[in-house]
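S.K.:
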Amino acid sequence: MKSKIKLKHVLLVEDNLLNQKFALAVLKMNGYTADVAENGKIGLEKYKNNEYDLILMDIQMPIMDGIECTKEIRKIESENNWERIQIIAVTAFAMPGDEQKFLEAGLDNYLAKPYKGPDLISIIQDVNH
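Here the sequence shown stands for residues 0 to 128, numbered as in numbering that gives the first Met the number 0.
#1: At a threshold of 8 Å, does Lys7 count as lining the ligand HEM (C-beta to nearest heavy atom)?
#2: What would DSSP say about Asn18, mapped onto helix, strand or coil?
#3: Give the list of continuous alpha helix (DSSP H) stretches no shorter than 4 residues that lie fully inside the region 16-99.
#4: Please decide whether Asn29 counts as near chain D, where near means a Cβ-Cβ distance under 9 Å.
#5: Around the Cβ of Glu103, are there at least 16 other Cβ atoms within 10 angstroms (buried) or fewer (exposed)?
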């Protein structure tokens, strides 16, 4: 019997090691499992080859940024008729007007850095409802 608990396996796409460690600790303390990708290109490969309930996506990363990665994910979903995964931008670069840019790229919500653990869990739970 499948559990009714949703959004438990997360893909964290984040290039900063300290941010990775913090997010992973918060997720683990709240019952989530997570895989980490250091950039959008690795994140895209992990997305294609694994099942996730949610993606936390940094925006500014080397090789492939979060906007480009999100657009590629949305393209794959559309081409393969896959269910749309929730993607939350987690970024220090949230300026006026960025929210519209994030939504146009296919991101579902965003969380500004720096953030506190409860902020991260709250935005994940908001996606779950």
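Cβ atoms here follow ideal geometry from the backbone N, Cα and C, with glycine treated the same way.
M.R.: So, to answer that:
#1: You won't find the ligand HEM in this model; it holds no ligand whatsoever.
#2: In the structure shown, Asn18 sits in a helix (DSSP, three-state: H, G or I).
#3: Correct list: 16-28, 39-48 and 65-79.
#4: The question asks about chain D, but that chain is absent: this structure has only one protein chain.
#5: Per the 10 Å Cβ criterion, exposed.
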